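**Q** When we follow our numbering, the leftmost residue of the sequence shown carries the number 1, and every step to the right adds one.
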Amino acid sequence: MTTYSITDEIQRLRTAATRVLGILDDPEGDPRALQGALSGLYEAVRGPVAEGDGGLDPARHYLSQQKYVGKQAVPIALDQRAADVRERLREDRGLDEGGDGTANVLLTELQAMAVGGLLLELAERLRPGAAFGPSREGEELAAVVTELAHTVLDQTFVGRR
1 MTTYSITDEI QRLRTAATRV LGILDDPEGD PRALQGALSG LYEAVRGPVA EGDGGLDPAR
61 HYLSQQKYVG KQAVPIALDQ RAADVRERLR EDRGLDEGGD GTANVLLTEL QAMAVGGLLL
121 ELAERLRPGA AFGPSREGEE LAAVVTELAH TVLDQTFVGR R
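#1: In the DSSP output, what is A73 paired with across the bridge?
#2: What did DSSP end up calling G159 once you bin it into helix, strand or coil?
#3: Could you tell me the alpha carbon to alpha carbon distance between V152 and Q111, rounded to whole angstroms?
#4: Kindly indicate the opening and closing residues of the alpha helix (DSSP H) around P31.
#5: Does the stretch 117–126 come close enough to the stretch 23–30 that 3 or more CB-CB pairs lie under 8 Å?
#6: Sorted by chain position, which residues of the same chain lie with C-beta nearer than 7 Å to A149's C-beta, five sequence neighbours on each side aside?
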C-alpha cells in the first residue's frame, strides 16, 4: 500500500509541467515530444485510476461495455472497440440487400439528423482536446463514429457537414 504525500504530488505535477514548458520553449520542438509531455501532465493531474473501478481509464477504455474472459471482466481498449465496430459495419448488409426489410430500422429525417449530429458531437469529444484531454487513444473510435454519422446524415437533406 502506498501512502499519499502532498509533497510528492506537487513534485510530480511540477515535473510534468516543467517538461511541457521546456518543450514549448524550443521553437523547433518535436510535436511527438510535446504530445508525450502533455500526456504526462494529463496523467499527473488526473492521478492514479482509483482501485475498485475495474481499472477503467476513460482516456483508454470503452466505459459502457467490457469483455469477459471466463468470469473476469476485462476492459476493452478504445482502439480495439473501434476495430470491432468497423469490422461489424463492414460485414453489415445494405438496406436493399436480402431479407424482407423487417430488420431495417426506420428513422424520420429529423431523427436521423439528430442521431447524426449527436454522433458527430461524440466523435469530437473522443478526439484530443478539452473534453478528452491530450490522449490520442480515442482517435480511431472517433473516426468510426464520424463515418457512421456521415452514413446517417447522407440520407437526409442536410447531408454531412
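In this text, a Cβ means the ideal position worked out from N, Cα and C, and glycines have one as well. Owing to the predicted nature of the structure, the values given are computational and were not obtained by experimental measurement.
**A** On the basis of the coordinates in this document:
#1: Y68
#2: coil
#3: 10 Å
#4: P31 to R46
#5: no
#6: G116, L119, L120 and A123
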